[in-house]
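Under our numbering, the first residue of the sequence shown carries the number 127, and numbering increases by one thereafter.
Note that beta-carbon positions come from the ideal geometry of N, C-alpha and C, so glycine has one too.
The structure under discussion appears below in the form of structure tokens.
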Amino acid sequence: MPRNWSESEIAAIVEDYFEMLALELEGRRYNKTEHRRALMHTIERNHGSIERKHMNISAVLAVLGLPYINGYKPYSNFQQALFEAVQARLHDDAVLYASLTGEAAAVGEPLPEFRIDTEQIVDPERVYVDAPLPLEVTDPQLPADISRIVRKFEPPAERDARNRMLGKAGEEFVFELERKRLSMLGRQDLADNVRWVARDDGDGFGFDILSFHGSGTGYKASRERWLEIKTTNGPKTTPFFITRNELSVSEENPEIFRVVRLYDFRRRARAYRLEPPLEDRVRLTPAIYRAYP
């Protein structure tokens, strides 16, 4: 029977994981095999055991809506001790946590360079992937003891919604991407009329970017697109907030309203689109209630 991981072993592999993740987020090369071999000498675990534990750490980060190492697909069968170790590592290093979430300004660090050069994107549509199926975004079935700990951690949707710097960077990215998309379709006239509504007119309209369909001829090409941008540094299935106003606008304008969900923004900037009715595409759960005394 496999022996449980000790506290020191968990601490060692968590530290190793975050060292690799930091290098990956900085765009620096590293060798996973060399890291595994070094750990095998330190904690006397075999290759497969270390590999699975790295995948367990990815699963913890995915639950928290944080980026994880490419190549270590989340494996959710993790122990409470590992979750607590990851949580403690994030809690003890404010700079690390801010780097993962994109809130570096909150800890007095230099502002990260979020702006992505859309000129380097050959085909704007290649940024987009298929939206996750409803089954993919179901809450992971975690043991009750771990679920209680997760609830005490900062909710990913609340964290990303509060992060204005990240939100603004995501809106700017889509604004520029839409202009490039329309220009490449031969509709520079439409590209010139794309508007960043949230920046120029303020919040409250229920969408951030006013763009256009672009393809086709005549009226079809000039049909408006109302894009509400939701941005995270976390993975594809990280939850996000939808306001009552945004939901109402989507219901009243189903042909032109779209949610653009940007994810893994710091590293690769991928996105998917959600079209109304939103309740058919995502699970909507109440996050706040209005109380009448």
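Short Cβ contact (8 Å threshold) for residue i with residue j
| i | j | result |
| --- | --- | --- |
| Gly191 | Gly296 | no |
| Val320 | Leu311 | no |
| Pro402 | Ser376 | yes |
| Glu354 | Phe333 | yes |
| Val300 | Ile335 | yes |
| Ile136 | Ala185 | no |
| Val189 | Val140 | no |
| Phe391 | Thr358 | yes |
| Ala120 | Arg407 | This structure cannot settle anything about residue 120, because the visible part of the chain is limited to 127 through 419. |
| Arg305 | Ala317 | yes |
| Lys362 | Leu388 | no |
Pairwise C-alpha distance: residue j and residue i
| i | j | result |
| --- | --- | --- |
| Ile422 | Ile414 | As shown, the chain starts at 127 and ends at 419. That puts residue 422 outside it, with no answer to give. |
| Phe383 | Tyr398 | 14 Å |
| Gly289 | Ile368 | Correcting the residue type first, residue 289 is Asn in the shown sequence and not Gly. Taking the straight line joining both Cα atoms gives about 15 Å. |
| His339 | Phe366 | 25 Å |
| Arg394 | Arg171 | 33 Å |
| Asn196 | Gln205 | 22 Å |
| Tyr345 | Ser337 | 14 Å |
Local Cβ density within 10 Å of residue i, reported as buried at 16 or more and exposed below that
| i | result |
| --- | --- |
| His180 | buried |
| Thr168 | exposed |
| Val216 | In the sequence on display, residue 216 carries Leu and not Val. Buried, since its Cβ has 16 or more Cβ neighbours within 10 Å. |
| Ser225 | buried |
Three-state class that DSSP yields for residue i in the structure shown
| i | result |
| --- | --- |
| Arg409 | coil |
| Glu350 | strand |
| Glu285 | Looking at the sequence shown, residue 285 is not Glu but Arg. Arg285 falls in the helix class under three-state DSSP. |
| Leu259 | coil |
| Ser184 | helix |
| Phe331 | coil |
| Tyr201 | coil |
| Arg393 | coil |
| Ser341 | coil |
| Tyr223 | helix |
| Leu308 | helix |
| Arg290 | helix |
| Leu192 | coil |
| Arg313 | coil |
Which residue spans inside the region 355-390 form an unbroken alpha helix (DSSP H) run of at least 4?
Entirely contained in the region 355-390, the alpha helix (DSSP H) runs reaching 4 residues are, in chain order, 370-378.
Quick one: complete alpha helix (DSSP H) runs, 4+ long, within the region 137-179?
Runs of the alpha helix (DSSP H) inside the region 137-179: 158-169.
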